[in-house]
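Student: Can you read through this structure? Questions will come right after.
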Amino acid sequence: MSMASLLRIILSPLILLLISITISASESHPMHGFCSVECDTELTSSSGKILIKQGTVVNAHHKVVADVYIEDGIIVSVRPNIAVGDDVKVIDATGKYVMPGGIDPHTHLEMDFMGTVTIDDFYTGQAAALAGGTTMHIDFVIPINGNLSAGFASYVDKAKKSVMDYGFHMAITKWDEAVSKEMELMVKENGINSFKFFMAYKGALMINDELLLHGLEKCKSLGALAMVHAENGDGVAEGQKRIFDLGITGPEGHALSRPPVLEGEATARAIRLASFINAPLYVVHVMSIDAMEEIAKARKSGQRVIGEPVVSGLTLDDSGLWDSDFTTAAKYVMSPPIRKTGHDKALQDALATGILQLVGTDHCAFNSTQKAFGYGDFRKIPNGVNGIEERMHLIWETMVESGKISVTDYVRITSTECAKIFNIYPRKGAILEGSDADIIVLNPNASFRISAISHHSRSDTNVYEGKTGKGKVEVTISGGRVVWEEGNLKITLGSGKYIKMPPFSYLFDGIDKADATYLASLHSPVHRTAAAAAY
């Protein structure tokens, strides 16, 4: 026997073993360990016929025990006792909840930021999402040198490796006539119906009030939703200098330099400018009582303002930033910062009572090596935490298990409201006949534990490390394919679809009438006789 033949006999089983490891992820094999970003996953699950039997089907408006029949990626029927043939995959959901897959309105995958790139791309980030029960997310496109079209093309290329459905928001970082025209292109041709304005990150992404006013006016005319990162950027820059000059250089300096008052001020300013234009406003990552109270006041007055808390702000406090280990402390650095104990409970209550409407993650993960760029200077620590995989479990534990909200409210804040705000309901965010088959089966009696060892993000840390609770996603169906079952991921590189989001969601209903009423109330211009000639 030749040496080549002998090697083939020895190596073939090893190659097969490696392939099998590559294509299937389990809870005990994190994404950064078992499969690199370059991995070309070939394994697919059937996108044909699936029956989910005898589960409690939960929508935002009601729940009922029923079967759900899926065919070719679409929900065909929702009713009791559906009979099917032997060619249909049957999932027994007795005693479990069958719900729309989560929609995360706020992520940053493969984003260039603070001299590096977020560790999760559209493959690893979405794989993590699916393992946690999220079946769609909306990512933020960052323009290239202010150019929206160039930024969009870049993100289209990044998303070629996607494994689930996604949409795009677009950031606006400068203003001129070209940007105004490009906004029209994004809405009318590229399926973007929201634009984000950063009131922080001075010298990088920050815009001023004049630009924000132009943006609000343009968004209103296009039927697109204006979004704001609300922190006073000038105040933050001053706070950073002040704290650093005091010799506070570690991660705790990040929180100290960006106090809640700066978030509250910017939130109030954005709300008032939106009121002046009479444009709907979406405030991303509401992290403080200060910002939440401004939103509550505006909504009570009838203004169309959406408040989005994120899972880190709802479930964590800032104590981790004072940890003596730099790697541990730095992993909690995000903006606006995670706040002191008390803000989290207040945000939970605001979410439960409707002051805040939906939950995102601001998943913007960096590993410990990237975070170490700011060792000795907190201003250089890349801002961002994980959450795309953990959101659905933590919100169930924090809000449903605690009795703060109902199961139907859970569906509303994790899926349906997002679909309505961004005008893709009922295609997304519902278990109804004709809706996309993006579905999770959640076992309320099963338990979960979060760890960087078992998560599917490429990050080597997790800000929710060690958190446990009840309520576990046991099955995730994305586009009619079972992609998460029995702790295994079964995903196909490039299988995700870009979801275009049309303009003029429900938030724009009645805007024209309100404008007409306002104009009629002015009693102007006043027609006057000519002034007497001066002598």
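Mature numbering (1 follows the signal peptide of the UniProt record, and there is no 0) puts the sequence shown at residues -25 to -1, 1 to 510.
Glycine residues also receive a C-beta, built at the ideal position from the N, C-alpha and C atoms.
Just so you know, these numbers come straight off a predicted model, no measurement behind them.
#1: Where do the N-terminal and C-terminal ends of the alpha helix (DSSP H) with Glu449 fall, by residue?
#2: Determine the direct distance from the alpha carbon of Met89 to that of Lys403, and round the result to whole angstroms.
#3: With a CB to CB cut of under 6 angstroms and the five nearest residues on each side skipped, what residues in its chain are close to Phe397?
#4: Spatial neighbours of Phe348 within its chain, please: CB distance less than 8 angstroms, with the 5 preceding and 5 following residues excluded, ordered by chain position.
#5: What is the DSSP secondary structure of Glu440, counted as helix, strand or coil?
#6: Which residue marks the beginning of the beta strand (DSSP E) containing Met111, and which one marks its end?
#7: I need the straight-line Cα distance from Gly178 to Thr383, nearest angstrom please.
#8: Taking all protein chains shown into account, do 16 or more other C-beta atoms lie within 10 angstroms of the C-beta of Ala254, making it buried, or fewer, making it exposed?
#9: Between which two residues does the beta strand (DSSP E) holding His204 run?
#10: With DSSP as the reference, label Asp490 as helix, strand or coil.
#11: Straight-line CA distance for Ile388 to Ile330?
#12: Look up Gln323 in the DSSP assignment and say whether it is helix, strand or coil.
#13: For Ala421, name the three-state secondary structure that DSSP assigns.
#14: Report buried or exposed for Ser(-24), applying the criterion of at least 16 other Cβ atoms within 10 angstroms of its Cβ.
#15: What are the boundary residues of the beta strand (DSSP E) that includes Asp220?
#16: Could you name the residues of the same chain whose beta carbon sits closer than 6 angstroms to that of Ala325, not counting the 5 residues immediately before and after it, in chain order?
#17: Using C-beta distances below 6 angstroms, list every residue in its chain close to Thr451, excluding the 5 sequence neighbours before and after it, in chain order.
#18: Do the segment 160 to 179 and the segment 191 to 211 meet, that is, are 3 or more Cβ pairs less than 8 angstroms apart?
#19: Whose C-beta lies closer than 6 angstroms to the C-beta of Thr148 among residues of the same chain, with five residues either side of it excluded?
#20: Could you tell me which residues DSSP puts in a beta bridge with Glu75?
#21: Put Val501 into one of helix, strand or coil per three-state DSSP.
#22: Helix, strand or coil for Ala506, going by three-state DSSP, please let me know.
#23: Three-state secondary structure (DSSP) at Ala495?
#24: Using a Cβ-Cβ cut-off of 7 angstroms (strictly less than) and excluding sequence neighbours within five positions of Val154, which residues of its own chain qualify?
#25: Cutting at 8 angstroms between CB atoms, please list the residues of its own chain near His144, excluding the five before and the five after it.
#26: Pick helix, strand or coil for Ile264, following the three-state DSSP scheme.
#27: Between the Cα of Ala212 and those of Gly228, Leu197, Gly455, spot the shortest distance and give me the residue it belongs to.
#28: Just to confirm, are Gly454 and Asp62 a CB contact at a threshold of 8 angstroms?
#29: Taking three-plus beta-carbon pairs below 8 angstroms as touching, is the segment 242 to 262 in contact with the segment 371 to 380?
#30: So, helix, strand or coil for Val46, using DSSP?
#31: With DSSP as the reference, identify every bridge partner of Ala41, one or two as the case may be.
#32: Taking contact to mean at least 3 C-beta pairs separated by less than 8 angstroms, is the segment 222 to 237 in contact with the segment 293 to 310?
#33: Mind pulling the beta strand (DSSP E) runs of 3 or more residues that sit fully within the segment 157 to 184?
Tutor: So, from the data block:
#1: Reading the sequence shown from its first residue, position 474 is the one you call residue 449. Where Glu449 is concerned, there is no enclosing alpha helix (DSSP H), although the beta strand (DSSP E) it sits in stretches over 443 to 453.
#2: As a first step, residue 403 must be located in the sequence shown, where it is residue number 428. As a first step, residue 89 must be located in the sequence shown, where it is residue number 114. Approximately 34 angstroms, taken between the alpha carbons.
#3: As a working mapping, residue 397 is identified with position 422 in the sequence shown. Excluding positions up to five away in sequence, the list reads Met476.
#4: Here residue 348 is taken as the residue at index 373 of the sequence shown, counted from 1. Counting only Cβ-Cβ distances below 8 angstroms, and skipping sequence neighbours, we find Met89, Gly90, Thr91, Lys355, Ile356, Pro357.
#5: The residue you call residue 440 lines up with position 465 of the sequence shown. It is coil, neither helix nor strand.
#6: Your numbering for residue 111 matches position 136 in the sequence shown. From DSSP, the beta strand (DSSP E) with Met111 extends over 109 to 116.
#7: Along the sequence shown, read from residue 1 onward, the residue named residue 178 stands at position 203. Along the sequence shown, read from residue 1 onward, the residue named residue 383 stands at position 408. If you take the alpha carbons of Gly178 and Thr383, they lie about 43 angstroms apart.
#8: Within the sequence shown, numbered from 1, the residue matching residue 254 stands at position 279. That one is buried.
#9: Looking up residue 204 in the sequence shown gives position 229. His204 -> beta strand (DSSP E) spans 200 to 204.
#10: In the sequence shown, residue 490 corresponds to position 515, counting from 1. Of the three classes helix, strand and coil, the one that applies to Asp490 here is helix, per DSSP.
#11: As a first step, residue 388 must be located in the sequence shown, where it is residue number 413. As a first step, residue 330 must be located in the sequence shown, where it is residue number 355. Each residue's alpha carbon lies about 12 angstroms from the other.
#12: Stepping through the sequence shown from its first residue, residue 323 is reached at position 348. Reduced to three states, the DSSP call for Gln323 is helix.
#13: Stepping through the sequence shown from its first residue, residue 421 is reached at position 446. Ala421 falls in the strand class under three-state DSSP.
#14: Working through the sequence shown from its first residue, we reach residue -24 at position 2. Note that Ser(-24) has pLDDT 44, beneath the 50 cutoff, so the model's placement of it is unreliable and the number below is only indicative. Ser(-24) comes out exposed.
#15: Residue numbering aside, residue 220 sits at position 245 when the sequence shown is read from its first letter. Element bounds for Asp220: not the beta strand (DSSP E) but the alpha helix (DSSP H), 208 to 220.
#16: For this step, residue 325 is matched to residue 350 along the sequence shown. Cβ neighbours of Ala325 beyond the five flanking positions: Met267, Leu331.
#17: Position 476 of the sequence shown, counted from the first residue, corresponds to residue 451. The answer, listed in chain order, is Leu105, Gly108, Ile415, Val458, Trp459.
#18: yes
#19: In the sequence shown, residue 148 corresponds to position 173, counting from 1. Once the five neighbours on either side are set aside, the close Cβ partners of Thr148 are Pro118, Gly121, Leu180.
#20: On the sequence shown, position 100 is the one that residue 75 refers to. Here the sequence assigns Pro to residue 75, which means Glu is not the residue at that position. DSSP lists Ile414 as partners of Pro75.
#21: One-based indexing of the sequence shown puts residue 501 at position 526. Coil at Val501, not helix or strand.
#22: Within the sequence shown, residue 506 is the residue found at index 531, counting from 1. The answer is coil: DSSP assigns Ala506 none of H, G, I, E or B.
#23: Sequence index remark: in the sequence shown, residue 495 carries index 520 (1-based). Ala495 falls in the helix class under three-state DSSP.
#24: Indexing the sequence shown from 1 puts residue 154 at position 179. Correct list, in chain order: Gly121, Leu123, Ile147.
#25: Counted from its first residue, the sequence shown places residue 144 at position 169. Closer than 8 angstroms at Cβ, skipping near neighbours: Ile113, Asp114, Phe115, Val116, Ile167, Ser169, Phe170, Lys171, Met202.
#26: For the purposes of this step, residue 264 is identified with residue 289 of the sequence shown, where counting begins at 1. Looking at Ile264 - three-state DSSP - the assignment turns out to be helix.
#27: Taking the first residue of the sequence shown as position 1, residue 212 is located at position 237. Ranking Gly228, Leu197, Gly455 by Cα distance to Ala212 puts Gly228 first.
#28: Within the sequence shown, numbered from 1, the residue matching residue 454 stands at position 479. Within the sequence shown, numbered from 1, the residue matching residue 62 stands at position 87. No, the Cβ-Cβ distance between Gly454 and Asp62 is not below 8 angstroms.
#29: no
#30: Here the question's residue 46 lines up with position 71 in the sequence shown. Note on identity: in this sequence residue 46 is Glu, with Val being the wrong assignment. Strand.
#31: Reading the sequence shown from its first residue, position 66 is the one you call residue 41. BP columns for Ala41 point to Gly30.
#32: yes
#33: 169 to 173
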